[in-house]
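Using this note's numbering, the letters of the sequence shown map in sequence onto residues 52 to 144. Heads up, the beta-carbon is just placed ideally off N, CA and C, and yes, glycines get one too.
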Amino acid sequence: MAGYVQHKEDIIRRLRRIEGQVRGVQRMVDEDVYCIDVLTQVSAINAALQSCAVALLDEHLSCCVTEAIEAGGDQAKVKVGEASRAIARLIRT
């Protein structure tokens, strides 16, 4: 089961908002809006995506990783490794 299941609606709401922002930027480009204004909106989209990613990571750590650590064994190491790689991907972007 996904660790974010209890907050699924919130995650979906965030992603729909981001989707709307992307459509808005497409419209801006189609309407030849000033470059800096478009870039400002792209920056806002990036921030919204990062915020969503951090929320998902938090859910993963507090649910999936915590449960694996409590259970012990190799699964704990696997989950911690997954989380570490996810964090590394996030900080590279």
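| Asked | Found |
| --- | --- |
| Pairwise C-alpha distance: Gln72 and Ala95 | 8 Å |
| Reduced DSSP secondary structure (H/G/I, E/B, other) of Asp83 | coil |
| Spatially closest choice to Ser102 from Ala53, Arg64, Val56 and Gln57, by CA coordinates | Arg64 |
| DSSP-derived helix/strand/coil call for Thr144 | coil |
| Nearest residue (CA-CA) to Val93, options Asp81, Asp109, Gly75 and Glu82 | Gly75 |
| Cβ pair Leu107, Tyr55 closer than 7 Å | yes |
| Proximity test, Gly123 beta-carbon vs the ligand HEM heavy atom, cut-off 6 Å | In the structure shown, the ligand HEM is absent, as is every other ligand, since no ligand is present at all. |
| Residue nearest to Ala98 in terms of C-alpha spacing, selected from Ala139, His58 and Arg68 | Arg68 |
| Length of the line joining the Cα atoms of Cys86 and Thr144 | 22 Å |
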